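**Student:** Start counting the sequence shown at 525; every next residue gets the next number (the numbering used here).
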Amino acid sequence: LYTLGNLNSEQTGLAKAFADYCHNDESQKLAKNYGFNYLDDYAGQQWNLEGKALESAQKLWKKEKDAGNPVMAVFVADVSGSMGGAPLQNLQTSLINASQYINEDNYVGLVSYSTGVTINLPIAKFDLNQRSYFTGAVEDLSPGGNTATYDAVLVALDMLNKAQEKIETETGKPIKPLLFVLSDGETNVGNTLRDISNIVGGMEVPCYTIGYNANLSALQELSAINEAASINADNDDVIYSLKSLFNAQM
């Protein structure tokens with residue numbers, strides 16, 4: 525059992541409690557019933573790898589993890605009035621810092637929303653130009669208005685659907701679509717989660733949600749439709765969490 529990042533005493537205590545639970549007699553017996561805890565004398569090989577070798581291996585893994593096929597993602601950013609101040613600043617900082625972990629062969633677009641929905645950056649390959657446009661578009665976000673989260677999700681899904689069809693036709697490669705919703709979760713205008721859940725489920729696009737000072741339960745419900753992760757950005761490790769998410773998925 526490993527823990528990563530700067531954990532507080534409560535988080536450390538939870539990790540220790542879980543480790544103790546796994547090591548108690550009842551859990552060990554149950555593990556053996558399921559085929560674990562045999563070959564106690566087995567010792568795994570140790571590899572003396574330098575950092576550069578691990579970095580090269582990680583780059584190769586990122587390139588080949590989806591059989592060499594690109595990922596296409598639209599980021600959906602909440603710029604409603606309730607996101608003013610620290611929440612929006614945290615969104616901008618974490619998104620820009622973590623975006624360096626997005627592979628240049630993937631495709632990225634950006635949507636923002638308050639009462640209405642704006643396409644800030646159409647989907648394109650995440651080369652140096654698109655990366656620069658993306659950073660500028662994120663920096664230009666400003667708050668105001670109500671919160672139409674699910675209207676924005678529908679716009680982003682439509683963007684993904686059209687761009688995926690076009691690029692798959694041009695390249696002959698299948699594309700993996702993803703959605704990242706960054707919000708405080710307080711939808712108060714437009715469509716509801718109930719209105720769009722069948723569409724999201726039918727399109728089978730994972731919706732990763734990142735909550736800033738958020739109503740996490742609403743965001744978690746959206747992510748759960750297609751079994752995606754939901755991140756609490758109030759955690760001090762949000763930049764690390766986003767980097768890990770982008771590194772694994774993009």
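Think of the CB as a built atom: it goes at the ideal place given N, C-alpha and C, for glycine as much as any other residue. Just so we're clear, the structure is a prediction, and the values are computed from it rather than from any experiment.
Report, in whole angstroms, the separation of the C-beta atoms of L615 and A597, which I expect to be a contact under 8 Å.
**Tutor:** The pair is not a contact, with the Cβ atoms about 16 Å apart (cut-off 8 Å).
**Student:** Do you know offhand how far Y674's Cα is from T711's?
**Tutor:** 8 Å
**Student:** Relative to the alpha-carbon of C731, which residue among A753, F542, D719 and N737 has its alpha-carbon at the smallest distance?
**Tutor:** If we check each option's Cα against that of C731, A753 comes out closest.
**Student:** When the Cα of D682 is compared with those of A543, G633, E628 and L769, which residue comes out closest?
**Tutor:** G633
**Student:** To which residues does DSSP link S636 through a beta bridge?
**Tutor:** A601 and T642
**Student:** Count the other CB atoms, across all protein chains shown, that sit within 10 Å of the CB of S741; report buried if there are 16 or more and exposed otherwise.
**Tutor:** exposed
**Student:** With distances taken Cα to Cα, identify the nearest neighbour of F650 among S618, T671, Q613 and V595.
**Tutor:** V595
**Student:** Return the CA-CA distance between I749 and L678, expressed in angstroms with no decimal places.
**Tutor:** 14 Å
**Student:** For the putative contact between V641 and A676, defined by C-beta atoms under 8 Å, what is the C-beta separation to the nearest angstrom?
**Tutor:** 5 Å
**Student:** Please report how far the alpha carbon of P701 lies from the alpha carbon of N557, in whole angstroms.
**Tutor:** 39 Å
**Student:** Going by DSSP in three states, T673 sits in which element: helix, strand or coil?
**Tutor:** helix
**Student:** Any idea which residues DSSP pairs A523 with across the strands?
**Tutor:** The structure shown does not extend to residue 523, since the chain is modelled only from 525 to 774, so the question has no answer here.
**Student:** Among the residues of its own chain, which have a CB less than 8 Å from the CB of V724, if the five just before and after it don't count?
**Tutor:** V677, L681, C731, L746, I749 and N750
**Student:** Which of the three DSSP states is assigned to V729 in this structure?
**Tutor:** Three-state DSSP puts V729 in coil, outside helix and strand.
**Student:** Would you say A757 and S618 are within 8 Å of each other, going by their C-beta atoms?
**Tutor:** Yes, the pair counts as a contact, with Cβ atoms nearer than the cut-off.
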